[in-house]
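Student: First the structure, then my questions, so here it is.
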Amino acid sequence: MKPKVLGLVHTSAMLVPMFQQLCRDKLPGVEAFNIADDSLIKDVIRHGGLTPAIARRLLQHIFLAQDAGADYIMVTCSSVGPAVETASSLCQVPVLRIDQPMADKAVQLGTRIGVIATLSTTLEPTADLIRRRAAIAHKHVQLEPHLCEGAFDALVRGDAARHDAMIRDALVRLGQRADVIVLAQASMARVAEALDPRTVNVPILASPSIAFEYLAGALQRL
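In the numbering used here, the protein residues as written are 235 to 456.
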């Protein structure tokens, strides 16, 4: 039987190695390819959010992934999530925004949900998604958003230690008042994985691993 093909669309080339490893570990037998365009997230930051022009370019990449033979497509950036939802209604194959399975799990786990991001352009789309997924589940939730200002800039200029320290501090603070914490960006997942579990006593959800658990089942059902 022909193996399933997963198309991954990224707004940062830095994330490609991490997702390649996740594909090898979590989706054995699935073929995967990557499309990366760093200009998308740079323009989102420059404009303070998603614009119609950025959304159009993202949709072009998604349709290219479909034309390249993807049976399933996932976009790995939360900042462009609304455009991903638009694409899902237009494509002939399923299209997933990476943070949707994470949002659903957060709603299942608690009512006080902490959301941490290093970009304001990611914080609000993630918070909005959680609110909408909670409404679908007929559940009232209270969000505790936290923006780590300067952490993304530190990561871009190569100061990963500074970035990671800011994320760790925010996780500790949020852990004192939330039932569950959501990491709004895939780039923060490794920080949570390296954290001493005794430091934060609530679940910390990172989108990559949860999305791949979801994909494993979704690809089987195709």
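Heads up, the beta-carbon is just placed ideally off N, CA and C, and yes, glycines get one too. All values reported here derive from a predicted model rather than from experimental measurement.
Identify the continuous alpha helix (DSSP H) that holds Arg407 and give its terminal residues.
Tutor: Ala394 to Gly409
Student: What is the C-beta distance between Asp413 and Thr345, in whole angstroms, given that I count them as a contact (C-beta under 8 Å)?
Tutor: 6 Å
Student: How would you call Ala395, buried or exposed, if buried means at least 16 neighbouring beta carbons within 10 angstroms?
Tutor: exposed
Student: Which whole-angstrom value describes the C-beta separation of Ala420 and Ile438, a residue pair presumed to lie in contact below a C-beta threshold of 8 Å?
Tutor: No, Ala420 and Ile438 are not in contact; Cβ-Cβ is about 14 Å, not under 8 Å.
Student: Is there contact here, the segment 282-300 with the segment 256-263, by at least three beta-carbon pairs under 8 Å?
Tutor: Touching, no, given that fewer than three Cβ pairs across the two stretches are closer than 8 Å.
Student: How is Met308 classed by DSSP in three states: helix, strand or coil?
Tutor: strand
Student: According to DSSP, which residues form a beta bridge with Gly303?
Tutor: Its beta-bridge partners do not exist; DSSP assigns none.
Student: Could you tell me whether the segment 323-330 touches the segment 264-280, using the rule of 3 or more Cβ pairs below 8 Å?
Tutor: no
Student: Quick test of the definition: if touching needs 3 or more C-beta pairs under 8 Å, does the segment 362-377 touch the segment 438-447?
Tutor: Segments in contact, no.
Student: Kindly indicate which residue of His244, Ala304 and Lys339 has the alpha-carbon position closest to the one of Leu456.
Tutor: Ala304
Student: Taking the alpha-carbon positions, what's the Arg407 to Ala428 distance?
Tutor: 17 Å
Student: Can you check DSSP and say which residues form a bridge with Pro379?
Tutor: Val349
Student: From the DSSP output, in three-state form, read off Ala440 for me.
Tutor: strand
Student: How about the segment 315-327 and the segment 291-305: do they share at least three Cβ pairs that are nearer than 8 Å?
Tutor: yes
Student: Mark Gly392 as exposed unless 16 or more other C-beta atoms lie within 10 angstroms of its C-beta, in which case mark it buried.
Tutor: Using a 10 angstroms sphere on the CB of Gly392, the tally of other CB atoms stays under 16, which defines it as exposed.
Student: Enumerate in chain order the residues of its own chain whose CB-to-CB distance from Gln450 is below 8 Å, with the five nearest sequence positions on each side excluded.
Tutor: Here residue 450 turns out to be Ala, not Gln, going by the sequence shown. Closer than 8 Å at the Cβ level, and outside the excluded window around Ala450, lie Lys260 and Leu261.
Student: Kindly indicate the opening and closing residues of the beta strand (DSSP E) around Arg331.
Tutor: Val329 to Arg331
Student: Do you know offhand how far Val309's Cα is from Gln410's?
Tutor: 32 Å
Student: Kindly indicate which residue of Ala270, Gly241, Met248 and Glu383 has the alpha-carbon position closest to the one of Asp301.
Tutor: Gly241
Student: What residue range is occupied by the uninterrupted beta strand (DSSP E) comprising Val414?
Tutor: Val414 to Leu417
Student: I need the DSSP call for Gly315, collapsed to helix, strand or coil.
Tutor: helix
Student: Between the alpha carbons of Glu447 and Leu453, how many angstroms are there, rounded?
Tutor: 10 Å
Student: Anyone know if the C-beta pair for Lys373 and Val349 falls short of 7 Å?
Tutor: Not in contact: Lys373 and Val349 (Cβ atoms no closer than 7 Å).
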